[in-house]
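Trainee: Take any residue in the sequence shown, note its place counting from 1, add 72, and you have its number in the working numbering.
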Amino acid sequence: MPQMGESIAEGTLSKWLKKVGDEVKRDEPIFEISTDKVDAEIPAPAAGVLAEILVKEGETVAVQTVVARLETEKGAAIGTSAPPATSGVAGSEPTRAAKTEKKPGTSAPQREGTPAPVQPRQPTPAPAIAESHTGNGDSFEDRVRTKSSPLVRKIAAEHGVNIASLQGSGIAGRVTKRDIIGFIESGAPSPVAAPGLHGGVQSGGHALPLPQAWPGDVVEPMSKMRALISDHMVASRHTSAHVTSFIEIDFTRVARIRAKKRSEFDAATGQKLTYMPFIIKAVTQGIQAFPIMNSSVAGTNIIYRKQINIGIAVALDWGLIVPVIKRADDLSLSGLTRALNDLAARARAKKLSPEEVQEGTFTITNPGVFGSLMGTPIINQPQVAILGVGAIEKRPKVLPGADGEDTIAIRTCAYFSISFDHRVIDGAIADQFLAFVKKTIESFPETGL
């Protein structure tokens with residue numbers, strides 16, 4: 073299991089792309105993983121034959137755990153009489169396998185050159201619908217889940233604070249002693265537990281009963297990505313004071329610029345000119361005019377981000393991911409187009425690195441591509457605002473005529489929404505930001521390409 077970023081401690085092996093006995097080439101994708109940051113295809117470290125699969129699909133293991141063994145010697149024998157799960161590797165035969173991180177309750181890894189004893193692998197049962205969490209908070213899984221030290225967890229338990237709903241100032245969002253003490257001293261109400269894989273939905277500190285499957289229903293466990301999305305969305309609702317404002321923007325001018333410059337732009341850049349780069353450019357200028365839109369809340373402090381890193385929500389067949397365009401304010405319209413298309417394509421192909429979905433400071437989601445007119449998106453923590461883009465379509469509009477009389481014209485328009493954290497952003501500021509974005513788009517210069 074590879075280390076896909078400094079803050080990632082485990083990964084779920086979501087799919088094997090090869091089976092035991094298959095030949096693989098160096099750097100050929102061999103399995104897919106899902107982490108709390110990104111889904112990715114993992115290439116083979118060398119050419120050879122897949123001799124043994126040690127971790128089954130759906131299992132979650134710590135980084136550096138050996139998930140399979142690869143025979144790299146040409147013509148090395150693969151046991152055909154034994155089941156695939158017990159196909160061992162002879163002591164004298166070269167293998168490519170990462171060192172296994174020793175965890176409590178597991179046996180020590182075999183020394184190199186010593187055949188591993190054959191042990192049948194028990195099938196992994198599907199997660200129960202209502203799995204109770206009875207750990208004491210000191211297990212590996214709990215440390216990852218709560219991102220805190222035993223001392224911090226003890227303080228939190230004594231004051232009834234749910235650590236999972238706090239935004240820590242430590243590395244990878246880790247909740248520090250200063251964070252928990254600052255939160256307690258602030259007198260803010262303790263956030264309730266978000267729903268996850270360990271129990272029912274919390275409401276007012278009381279667990280609601282989980283729904284039961286009826287005869288004929290189909291029950292399947294959430295994927296790793298879906299479970300994380302679930303946790304993050306509810307935690308965001310409990311963390312930020314969500315308010316949403318709307319505005320209508322006239323894209324007629326931008327539509328004419330696109331129609332006029334499309335062929336020239338395609339020939340010069342090899343990219344298709346869409347509306348989104350215009351929107352990103354307007355948003356970056358709006359953030360420069362209203363820096364609070366590009367901030368984060370750390371207890372009673374506000375962090376004003378100097379970098380403008382725009383996350384773009386990309387819908388996948390198996391969930392949602394938000395790749396980030398770093399320093400978007402430094403890019404031209406063509407640069408934004410290249411970055412946007414590249415990140416979206418690699419997100420759908422599971423080729424993103426963890427760094428490419430981190431350090432976003434403002435997010436844009438575009439449900440309008442599916443025909444949605446408007447929405448109230450949930451803030452992507454630890455950011456304080458998210459912009460929703462509705463369908464861009466032609467509509468009849470009443471406009472003032474040259475003679476002072478009103479006239480009806482066909483205009484290309486869209487509804488934009490901004491969900492913002494009312495703890496630090498007032499409605500007036502959010503509305504002024506939207507108005508700025510509207511004015512920028514409606515007066516976009518043709519030379520802006």
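Backbone N, C-alpha and C define an ideal beta-carbon position, used for all residues, glycine too.
What does DSSP give as the partner residues of Tyr347 in its beta bridges?
Mentor: Partner(s): none; Tyr347 has no beta bridge.
Trainee: For Arg467, which of helix, strand or coil comes out of DSSP?
Mentor: Of the three classes helix, strand and coil, the one that applies to Arg467 here is strand, per DSSP.
Trainee: Span of the beta strand (DSSP E) holding Asn373?
Mentor: Here the beta strand (DSSP E) through Asn373 covers Asn373 to Tyr376.
Trainee: Is Gln379 closer than 8 angstroms to Thr433 when the C-beta atoms are compared?
Mentor: Yes, they are a contact pair.
Trainee: Suppose you measure from the CA of Pro454 to the CA of Ala313; what does that come to, to the nearest Å?
Mentor: Roughly 13 angstroms between the two C-alpha positions.
Trainee: In three-state DSSP terms, what is Leu506?
Mentor: Residue state, collapsed to three classes: helix.
Trainee: Using the DSSP secondary-structure output, state which residues sit across from His314 in a beta bridge.
Mentor: His314 is bridged to Asp493.
Trainee: How should Pro472 be labelled, buried or exposed, when 16 other C-beta atoms within 10 angstroms of its C-beta is the threshold for buried?
Mentor: Answer is exposed; the Cβ neighbour count stays below 16.
Trainee: I'd like to know whether the C-beta atoms of Thr519 and Ala354 end up nearer to each other than 8 angstroms.
Mentor: No. Outside cutoff.
Trainee: Would you kindly report the start and end of the unbroken beta strand (DSSP E) that includes Asp111?
Mentor: Counting along the chain, the beta strand (DSSP E) containing Asp111 begins and ends at Asp111 to Pro115.
Trainee: Kindly list the residues whose CB is nearer than 6 angstroms to the CB of Pro192, restricted to its own chain and excluding five residues on each side of it in sequence; keep chain order.
Mentor: Its pLDDT being 41, under 50, Pro192 is placed unreliably in this model, and the value from its coordinates should be taken loosely. Within the same chain, Pro192 has no close Cβ partners at all.
Trainee: Once DSSP output is grouped into helix, strand and coil, what is the label at Phe442?
Mentor: DSSP places Phe442 in helix when its eight states are reduced to three.
Trainee: Note the first and the last residue of the continuous beta strand (DSSP E) segment covering Glu124.
Mentor: Looking at the DSSP string, the run of the beta strand (DSSP E) that includes Glu124 is Gly120 to Ile125.
Trainee: Suppose contacts are defined by Cβ-Cβ distances below 8 angstroms. Is Glu104 in contact with Lys87 by that definition?
Mentor: The answer is yes: Cβ separation under 8 angstroms.
Trainee: For Ala140, list the residues DSSP reports as bridge partners.
Mentor: Paired residues: Ile125.
Trainee: With C-beta atoms as the reference, is Thr356 less than 8 angstroms away from Asp401?
Mentor: Contact flag set, yes.
Trainee: Using a threshold of 8 angstroms, state whether the C-beta atoms of Gly83 and Val121 are closer than that.
Mentor: It is not a contact, given that the beta carbons lie outside the stated cut-off.
Trainee: Does the Cβ of Phe337 have 16 or more other Cβ atoms within 10 Å, making it buried, or fewer, making it exposed?
Mentor: It is buried - the Cβ of Phe337 has at least 16 other Cβ atoms within 10 Å.
Trainee: Is the separation between the beta-carbon of Leu392 and that of Ile301 shorter than 8 angstroms?
Mentor: Yes, they are a contact pair.
Trainee: Tell me the rounded alpha-carbon separation between Val439 and Phe318.
Mentor: The question names Val, but residue 439 is Pro in the sequence shown. Answer to the nearest angstrom: the Cα atoms are 14 angstroms apart.
Trainee: Enumerated in chain order, which unbroken segments of the beta strand (DSSP E) with a length of 3 residues or greater are wholly contained in the region 354 to 403?
Mentor: Complete beta strand (DSSP E) runs here, min 3: 367 to 370, 373 to 376, 382 to 384, 386 to 388 and 391 to 393.
Trainee: Can you pull the DSSP bridge partners for Phe488?
Mentor: Answer is Ile319 and Val461, bridged to Phe488.
Trainee: Which same chain residues end up closer than 8 angstroms to Arg98 when comparing Cβ atoms and leaving out the 5 residues on each side of it in sequence?
Mentor: The answer, listed in chain order, is Pro115, Ala116, Pro117, Ala118 and Ala119.
Trainee: For the beta strand (DSSP E) containing Val233, name the first residue and the last one.
Mentor: Looking at the DSSP string, Val233 is not in any beta strand (DSSP E), and its letter there is neither H nor E.
Trainee: According to DSSP, Gly83 sits in a beta bridge with which residue or residues?
Mentor: The partner list for Gly83 (beta bridge, DSSP) reads Val133.
Trainee: Okay, do the region 394 to 411 and the region 483 to 500 touch, 3+ Cβ pairs below 8 angstroms being the bar?
Mentor: Not touching, per the Cβ criterion.
Trainee: Closest to Leu506 by CA distance: which of Met365, Lys466, Gly383 and Ala416 is it?
Mentor: Comparing Cα-Cα distances from Leu506 to each of Met365, Lys466, Gly383 and Ala416, the minimum goes to Met365.
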